[in-house]
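Just below is one structure, and these are the notes that go with it.
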Amino acid sequence: GLRYQYNLYRLQVDNPTLSIGKNVIIKNFKGLKIGQNVTIQDNCYLHCGGMDWCNYEGGIELHDNSFLGTGTIIWGTGAIVRIGKHTVTAQNVQIYASTEYRDNNDVDTLRSQFFKFKDVLIDDGAGLYSNSVVGPGVTIGKNARVSANSLALKDVKPDTLVAGIPARHV
2 GLRYQYNLYR
12 LQVDNPTLSI
22 GKNVIIKNFK
32 GLKIGQNVTI
42 QDNCYLHCGG
52 MDWCNYEGGI
62 ELHDNSFLGT
72 GTIIWGTGAI
82 VRIGKHTVTA
92 QNVQIYASTE
102 YRDNNDVDTL
112 RSQFFKFKDV
122 LIDDGAGLYS
132 NSVVGPGVTI
142 GKNARVSANS
152 LALKDVKPDT
162 LVAGIPARHV
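Take the position in the sequence shown, starting the count at 1, then add 1; the result is the number in our numbering.
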């Protein structure tokens, strides 16, 4: 609606070097921090927390010269997702700072949702290739790469390449 359009307008005015594509959805503009020369391509979804189910916490930081490819999804809910300087996500990358879990041994808890929240760091110069997924609590080291169609659920050391499901050093 009009409020969303106004918030998007303010984001662009406050960040004149921001390049933002069409159909970008941002939840909780207050939880979004943007550096210089950031690019957010078409159809990205950025959830910056601030909801009751994530204890009104969370956020996303996009540092200088970071690039989000078309269709990138970032859930900075309940914890912070930090995207470092000179990082690149290709198309349809997904990054999550939260996950739902259930206790399968307790029938009553199956009716309730529970969440875990952990910060995610994509360090300076890192690259996430098409359709890769990064889970809560993961650090992708400086200049590291996550191969296309990979699932990173553990930290990735700097200057390395990981691939597969789950992602392993190549």
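In this text, a Cβ means the ideal position worked out from N, Cα and C, and glycines have one as well. As the structure is a computational prediction, the values presented were derived from the model and not from experiment.
**OP:** Buried or exposed for Lys117, please, with buried defined as at least 16 other CB atoms from any protein chain shown within 10 angstroms of its CB.
**Re:** Per the 10 Å Cβ criterion, exposed.
Original post:
Using the C-alpha atoms, what's the distance from Pro17 back to Ser99?
Top reply: One C-alpha to the other measures close to 31 angstroms.
Original post:
Does the distance from the CB of Thr71 to the CB of Gln42 come in under 9 angstroms?
Top reply: For the 9 angstroms CB-CB criterion, Thr71 and Gln42 form a contact.
Original post:
With C-beta atoms as the reference, is Val94 less than 9 angstroms away from Leu122?
Top reply: For Val94 and Leu122, no; Cβs fall outside 9 angstroms.
**OP:** In the DSSP assignment, find the unbroken beta strand (DSSP E) run with Val25 in it and report its ends.
**Re:** Counting along the chain, no beta strand (DSSP E) covers Val25, and no H or E run does either.
Original post:
Is the CB-CB distance between Asn38 and Asn66 below 9 angstroms?
Top reply: Contact flag set, yes.
Subject >> Assigned secondary structure, Val171 (DSSP; H/G/I helix, E/B strand, else coil) >> reply: Of the three classes helix, strand and coil, the one that applies to Val171 here is coil, per DSSP.
Original post:
By how many angstroms is the C-alpha of Arg146 removed from the C-alpha of Tyr97?
Top reply: Roughly 17 angstroms separates the two Cα atoms.
Original post:
What's the gap between the Cα of Trp76 and the Cα of Phe30?
Top reply: Our two residues, Trp76 and Phe30, have alpha carbons roughly 13 angstroms apart in a direct line.
Subject >> Extent of the continuous beta strand (DSSP E) to which Tyr102 belongs >> reply: From DSSP, the beta strand (DSSP E) with Tyr102 extends over Ser99 to Tyr102.
Original post:
When we look at the beta-carbon of Val171 and count the other beta-carbons within 10 Å, is it buried (16 or more) or exposed?
Top reply: So Val171 counts as exposed.
**OP:** Rank Asp15, Lys23, Ile27 and Gly22 by C-alpha distance to the C-alpha of Arg4 and give the top, closest one.
**Re:** The shortest C-alpha separation from Arg4 is found at Ile27.
Original post:
So, helix, strand or coil for Leu152, using DSSP?
Top reply: Leu152: strand per DSSP, three-state reduction.
**OP:** Check whether the Cβ atoms of Thr90 and Leu129 sit closer than 9 angstroms, and answer yes or no.
**Re:** Less than 9 angstroms divides the Cβ of Thr90 from the Cβ of Leu129.
Original post:
Cβ of Ile61 within 9 angstroms of Cβ of Gly32?
Top reply: Contact annotation: Ile61 and Gly32 have beta-carbon atoms nearer than 9 angstroms.
Original post:
Between Asn150, Ala164 and Ile21, which lies nearest to Asp46 when the distance is taken from Cα to Cα?
Top reply: One point to set straight first is that residue 46 is Tyr, not Asp, in the sequence displayed. Per the C-alpha coordinates, the member of Asn150, Ala164 and Ile21 positioned closest to Tyr46 is Ile21.
Original post:
Sorted by chain position, which residues of the same chain lie with C-beta nearer than 8 angstroms to Leu12's C-beta, five sequence neighbours on each side aside?
Top reply: Apart from the 5 residues on each side of it in sequence, Leu12 sits with its Cβ closer than 8 angstroms to the Cβ of Leu19, Ile21, Ile27, Phe30, Leu33 and Ile35 in its chain, given in chain order.
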